[in-house]
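Just so we're aligned, residue 33 is where the sequence shown starts under this note's numbering, counting upward by one. Where is the CB? At the ideal position from N, CA and C, for every residue including glycine.
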Amino acid sequence: YLTRILLRFFLRAWEYFSMIDIIKVGMADMNTTFCPGVLTTLGLGSCVGICLYDPSTKIAGLVHIMLPSSAQIKNNSNEAKFADTGIVKLVNEMIRIGAKRNKLVSKIAGGAQMFNFNDTSEVMRIGSRNITATKDTLKLLNIPLIAEDTGGNYGRTIELYSETGILLIKTIGYGTKQI
Numbered sequence: 033y034l035t036r037i038l039l040r041f042f043l044r045a046w047e048y049f050s051m052i053d054i055i056k057v058g059m060a061d062m063n064t065t066f067c068p069g070v071l072t073t074l075g076l077g078s079c080v081g082i083c084l085y086d087p088s089t090k091i092a093g094l095v096h097i098m099l100p101s102s103a104q105i106k107n108n109s110n111e112a113k114f115a116d117t118g119i120v121k122l123v124n125e126m127i128r129i130g131a132k133r134n135k136l137v138s139k140i141a142g143g144a145q146m147f148n149f150n151d152t153s154e155v156m157r158i159g160s161r162n163i164t165a166t167k168d169t170l171k172l173l174n175i176p177l178i179a180e181d182t183g184g185n186y187g188r189t190i191e192l193y194s195e196t197g198i199l200l201i202k203t204i205g206y207g208t209k210q211i
């Protein structure tokens, strides 16, 4: 009898977890998902992963930005590449698929200084510039930043769970944490 109960439990768990879509988001890319989808992006160094979540609809979105501003670059046709345009594009897509604008919250990760430069100019500090541009854009859009794991000198891989809004951050040498 106990064996049958355990078997039923594991079969239901298997059915549930096999339904979960794991959606990869590349560099200068974005995507959205409904519950129970998971959005993931690999190799956040100086790049920033911006995670938006609507807890009322359980719609999640992720954009992997590489640079702070599209205004400073001539080849700026890929909106997801920049903090100023990528976040706006992600918000618009999330609203299009049913998220409520006034319910959106954000979490961010990345923005590391991966290399030491003798030059102390701001131009070489892409990670910190990406963090600042991301926060400025979120503030301009009135989207609360509720958690972050930014800076440092190490890369991150992140997973955003649409069922809970939890952002899982994995690093080499610095462990795993949830925010």
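| Item | Value |
| --- | --- |
| Proximity winner among 126, 179, 196, relative to residue 32 (alpha-carbon distances) | Missing from the structure shown is residue 32; the chain here goes from 33 to 211 and no further. |
| Cβ-based neighbour list, residue 131, same chain, cut-off 7 Å, excluding 5 preceding and 5 following | 86, 89, 91 |
| Backbone CA spacing between residue 69 and residue 57 [nearest angstrom] | 13 Å |
| Whether residue 99 touches residue 93 by CB criterion (8 Å) | no |
| The stretch 114-122 in contact with the stretch 169-180 per 3-pair CB rule at 8 Å | yes |
| Check whether residue 122 and residue 95 have beta carbons under 8 Å apart | yes |
| Beta carbon of residue 143 nearer than 8 Å to that of residue 160 | yes |
| Which of helix, strand or coil DSSP assigns to residue 12 | Residue 12 cannot be examined here, being either before or after the span of the chain that is shown, 33 to 211. |
| Opposing strand residues paired with residue 138 [DSSP bridges] | 84, 177 |
| Cβ-based burial, residue 205 [other Cβ within 10 Å; buried from 16] | exposed |
| Nonlocal neighbours in the same chain, by C-beta distance under 6 Å from residue 175, ignoring five residues either side | 136, 138 |
| Pick from 64, 211, 133, 164 that is closest to residue 181, judged by C-alpha positions | 211 |
| Cβ distance (whole Å) where residue 189 is taken to contact residue 71 below 8 Å | Not quite, the Cβ-Cβ distance comes to about 12 Å (not below 8 Å), so this is no contact. |
| Distance between residue 108 and residue 203 (C-alpha atoms, nearest Å) | 30 Å |
| Distance CB(residue 53)-CB(residue 64) smaller than 8 Å | no |
| Delimiting residues of the beta strand (DSSP E) encompassing residue 92 | 91-97 |
| Spatial neighbours of residue 179 in its chain, beta-carbon cut-off 6 Å, leaving aside the 5 residues before and after | 139, 211 |
| Residues near residue 185 by beta carbon distance below 6 Å, same chain, minus five either side | 144, 145 |
| Among 209, 196, 67, nearest to residue 129 - alpha-carbon criterion | 67 |
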